[in-house]
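Student: For the sequence shown, my numbering assigns the number 24 to the initial residue and increments by one for each residue that follows. First, the structure itself, so that you have it in front of you.
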Amino acid sequence: MFVTYKTTDGTSHYKQFANDQYHQKEFNWEEIGGDFYIPSGVSSAKVYIQINDHSVVYTLDHASCQQIPHDSQWQIKATDRIENTRKGRLNIKITSDGQLDTNGLIVQIKQTKSKFAFGTAFRAQYVTDSIHKAYQDFLYNNFEWVVPENSLKWKQMEWSRGHVNYDKGIDAVKAVKAHGMKVRGHNMFWGVPSRLPRWLTGLSSTELLQELYDRVNGMIAKSRGMLEHWDVNNENLHGDFFEQHLPNPNVTNDMFRWIHNAEPNVKLFLNEFNVVSSSISTTAYTNQGKRFRIDKVPIYGMGIQSHLPSSTINMDSLKYRLDKVAESGLPIWITELTIMDSNESNKAAALEDVMTMFFSHPAIEGILLWGFWDGAAYDRRLALATGSSVTPNAAGRKWQELFHQRFRTNETHALSGQTSISQKVFYGDYQLIFRKNGVIVHTENINMDQDGQNIIINL
């Protein structure tokens with residue numbers, strides 16, 4: 024879909040704002056659309072549909088156009104949503120078998136893990152080599168989830184047919200798991216031609232299908248029990264190699280079923296770009312998620328990459344697009360967040376806004392950066408840390424503030440004669456530390472995963 028308009032200087036503008044290139048006849052009616060910005064001074068604009076295949080006959084059933092209103096109060100509303108969706112009330116009652124004296128008793132409520140996922144992509148070679156200790160320290164101190172950037176991708180693992188290098192990726196996964204990290208698998212398949220093992224091209228459909236089976240079975244045999252998620256067929260709205268070269272146009276649905284049958288406990292995802300960074304794929308992606316649910320594909324969630332091209336971000340459009348994808352009825356994970364800006368202060372401010380919006384959205388369960396260090400980044404403008412010592416810049420310090428402080432609970436309460444505490448805290452794992460006149464007298468590990476949780480501590 025395109026929009027065309029003329030600005031006050033008489034210049035004509037043509038912009039694509041939506042694309043749904045893999046629609047199938049069997050899908051029947053499907054929504055197409057997206058959002059676009061019209062500058063001031065434009066009196067009229069025209070929206071039109073363009074189809075590359077002129078033999079396709081289609082019918083337009085209904086059309087609507089609505090303004091996305093600017094919300095100057097979005098931060099206040101986001102903060103309220105965080106308070107209501109990311110926190111629950113923790114009730115602690117103190118008892119004793121004997122006489123209970125709570126004067127001088129202090130309780131520290133210390134969060135040790137977040138239920139919401141905060142993570143990043145990482146380079147395999149930097150977690151298996153002790154020479155990169157600064158990189159490892161930053162990784163382990165500032166994230167709880169990770170995803171190998173390249174080492175589990177088929178092309179990188181099997182450059183020549185039949186010779187699979189599992190060790191690089193699996194050794195890296197073992198290294199991060201030894202530090203308590205949870206790991207996403209990225210990715211089992213990637214149907215964009217430039218991202219495929221080159222030797223796949225030219226195989227017969229029978230040979231190709233067998234290679235797909237072998238990829239799943241071989242990968243799961245090596246990674247079983249290690250990964251929380253798999254991105255199944257990466258960027259499927261932008262690459263359909265497997266659909267084009269197999270007689271089954273819905274082979275991606277089968278990929279989900281193969282992996283689910285091989286390892287039922289792994290949560291399976293679509294993963295796509297141009298979903299919130301622009302509106303090109305927002306509606307098409309939502310439709311795909313809906314279809315997968317209708318077809319009972321064992322999908323868990325929608326991965327949204329979120330490669331933002333600058334620190335100038337329209338928060339109204341961002342929320343609209345998130346709400347649109349949430350219409351799929353599936354959980355959302357922000358899988359590859361980057362903000363491109365060489366000005367670290369601007370990037371820090373944008374990161375704060377974006378993280379607040381993402382964290383506040385009830386459909387989103389996790390946020391992973393696509394890298395953090397300028398020494399291991401595909402573009403240095405995305406970096407949160409720089410130099411050989413991996414020193415956080417302003418954006419990195421903002422991440423640390425959000426992760427360690429603002430989106431985390433660490434509070435101390437003096438009982439002063441009271442025997443109970445009621446406090447709203449972020450969901451996650453906690454250690455309760457009780458000190459009497461400065462001396463630790465009791466510790467208790469708890470999980471806070473529901474509102475109104477009651478804990479009784481016997482001292």
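No residue lacks a Cβ here, since even glycine has one placed at the ideal position from N, Cα and C.
Keeping to the same chain, check which residues put their C-beta closer than 6 Å to that of E375; ignore five residues upstream and five downstream.
Tutor: Within the sequence shown, residue 375 is the residue found at index 352, counting from 1. Taken in chain order, the residues that qualify are K421.
Student: As a quick exercise: from R458, I480, F449, pick the residue whose alpha carbon is nearest that of K110.
Tutor: The count along the sequence shown starts at 1 and reaches residue 110 at position 87. Comparing Cα positions, the closest option is F449.
Student: State buried or exposed for I99, treating a residue as buried only when at least 16 other CB atoms are found within 10 Å of its CB.
Tutor: Along the sequence shown, one-based indexing puts residue 99 at 76. When all chains shown are included, I99 counts as exposed.
Student: Which value, in whole angstroms, describes the spacing of the CA atoms of L353 and N294?
Tutor: Counted from its first residue, the sequence shown places residue 353 at position 330. Counted from its first residue, the sequence shown places residue 294 at position 271. Rounded to whole angstroms, L353 to N294 spans 13 Å at the Cα level.
Student: Taking the CB atoms as reference points, tell me whether E167 and F141 lie closer together than 8 Å.
Tutor: Position 144 of the sequence shown, counted from the start, is the residue given in the question as residue 167. Position 118 of the sequence shown, counted from the start, is the residue given in the question as residue 141. In contact: E167 and F141 (Cβ atoms closer than 8 Å).
Student: Taking all protein chains shown into account, do 16 or more other C-beta atoms lie within 10 angstroms of the C-beta of Q233, making it buried, or fewer, making it exposed?
Tutor: For the purposes of this step, residue 233 is taken as residue 210 along the sequence shown, with counting starting at 1. So Q233 ends up on the exposed side.
Student: May I ask which residues mark the beginning and end of the alpha helix (DSSP H) holding V255?
Tutor: Working through the sequence shown from its first residue, we reach residue 255 at position 232. Neither: V255 is in no alpha helix (DSSP H) and is coded neither H nor E.
Student: Please report the straight-line C-alpha distance between L405 and F426, rounded to a whole angstrom.
Tutor: Locating residue 405 in the sequence shown gives position 382, counting from the first residue. Locating residue 426 in the sequence shown gives position 403, counting from the first residue. Distance between the alpha carbons of L405 and F426 is about 18 Å.
Student: Compare the beta carbon distance of Q476 and N114 with 8 Å and say whether it is the shorter of the two.
Tutor: Reading the sequence shown from its first residue, position 453 is the one you call residue 476. Reading the sequence shown from its first residue, position 91 is the one you call residue 114. A contact, by the Cβ cut-off of 8 Å.
Student: Taking 8 Å as the threshold (C-beta atoms), are A144 and V170 in contact?
Tutor: Position 147 of the sequence shown, counting from 1, holds the residue named residue 170. Position 121 of the sequence shown, counting from 1, holds the residue named residue 144. Yes, the Cβ-Cβ distance between V170 and A144 is below 8 Å.
Student: Pop quiz: F381 and F430 are said to be a contact at Cβ under 8 Å. What is the actual Cβ separation, rounded to whole angstroms?
Tutor: On the sequence shown, residue 381 is found 358 positions in, with the first residue counted as 1. On the sequence shown, residue 430 is found 407 positions in, with the first residue counted as 1. Actually they do not touch by this definition, with Cβ atoms about 11 Å apart.
Student: Restricting to runs no shorter than 4 residues, where is the alpha helix (DSSP H) found entirely within the region 143-184?
Tutor: Within the region 143-184, the complete alpha helix (DSSP H) runs of at least 4 residues are 156-165, 177-180.
Student: On the DSSP bridge assignment, give the partners of V462 in chain order.
Tutor: Counting from one through the sequence shown, the residue named residue 462 turns up at place 439. Note: V462 sits in a beta bridge opposite K459.
Student: Please list the terminal residues of the continuous beta strand (DSSP E) segment that includes F325.
Tutor: On the sequence shown, residue 325 is found 302 positions in, with the first residue counted as 1. A small fix is needed here, since residue 325 is Met in this sequence, not Phe. First-last of the beta strand (DSSP E) with M325: 324-327.
Student: Going by the CB atoms, is the gap between K136 and I456 shorter than 8 Å?
Tutor: One-based indexing of the sequence shown puts residue 456 at position 433. One-based indexing of the sequence shown puts residue 136 at position 113. Contact: no.
Student: Please confirm if the region 293-311 is in contact with the region 250-265, defined as three or more CB-CB distances below 8 Å between the two stretches.
Tutor: Yes, the region 293-311 touches the region 250-265.
Student: Which class does K370 belong to by DSSP, given the choice of helix, strand or coil?
Tutor: As a working mapping, residue 370 is identified with position 347 in the sequence shown. It is helical.
Student: Nearest to A307 by CA position, among S35, D32, D43, is which residue?
Tutor: Counting from one through the sequence shown, the residue named residue 307 turns up at place 284. When each option's Cα is compared against that of A307, the closest is D43.
Student: Inspect the CB distances between the region 218-238 and the region 171-184 and report whether three or more fall short of 8 Å.
Tutor: Contact between the region 218-238 and the region 171-184 is present, because at least three Cβ pairs lie under 8 Å.
Student: Any idea what DSSP makes of G440, helix, strand or coil?
Tutor: Start at 1 with the first residue of the sequence shown, and residue 440 comes out as number 417. Coil at G440, not helix or strand.
Student: Classify D254 as buried or exposed, calling it buried when 16 or more other Cβ atoms lie within 10 Å of its own Cβ.
Tutor: Counting from one through the sequence shown, the residue named residue 254 turns up at place 231. Per the 10 Å Cβ criterion, buried.
Student: At a cut of 8 Å, does the region 332-346 reach the region 56-70 through at least three beta carbon pairs?
Tutor: With the cut-off at 8 Å, the region 332-346 and the region 56-70 touch.
Student: May I ask which residues mark the beginning and end of the alpha helix (DSSP H) holding T102?
Tutor: Within the sequence shown, the letter at position 79 stands for residue 102. From DSSP, the alpha helix (DSSP H) with T102 extends over 97-108.
Student: Span of the beta strand (DSSP E) holding F264?
Tutor: On the sequence shown, residue 264 is found 241 positions in, with the first residue counted as 1. First-last for F264: 264-268, but that is the alpha helix (DSSP H), not the beta strand (DSSP E).
Student: Examine the Cβ distances between the region 115-126 and the region 431-445 and report whether three or more of them are shorter than 8 Å.
Tutor: Touching, yes, given that three or more Cβ pairs across the two stretches are closer than 8 Å.
Student: Do you know offhand how far N165's Cα is from I129's?
Tutor: The sequence position of residue 165 within the sequence shown is 142, counting from 1. The sequence position of residue 129 within the sequence shown is 106, counting from 1. Spanning the two alpha carbons is a distance of roughly 28 Å.
Student: Since I believe S340 is in contact with N369 (beta carbons under 8 Å), could you give me their beta-carbon distance rounded to a whole number of angstroms?
Tutor: As a first step, residue 369 is located in the sequence shown; it is residue number 346 there, counting from the start. As a first step, residue 340 is located in the sequence shown; it is residue number 317 there, counting from the start. Between S340 and N369 the Cβ distance is about 19 Å, and since that is not below 8 Å, they are no contact.
Student: Is the distance from the Cβ of A68 to the Cβ of T31 below 8 Å?
Tutor: Position 45 of the sequence shown, counting from 1, holds the residue named residue 68. Position 8 of the sequence shown, counting from 1, holds the residue named residue 31. No.
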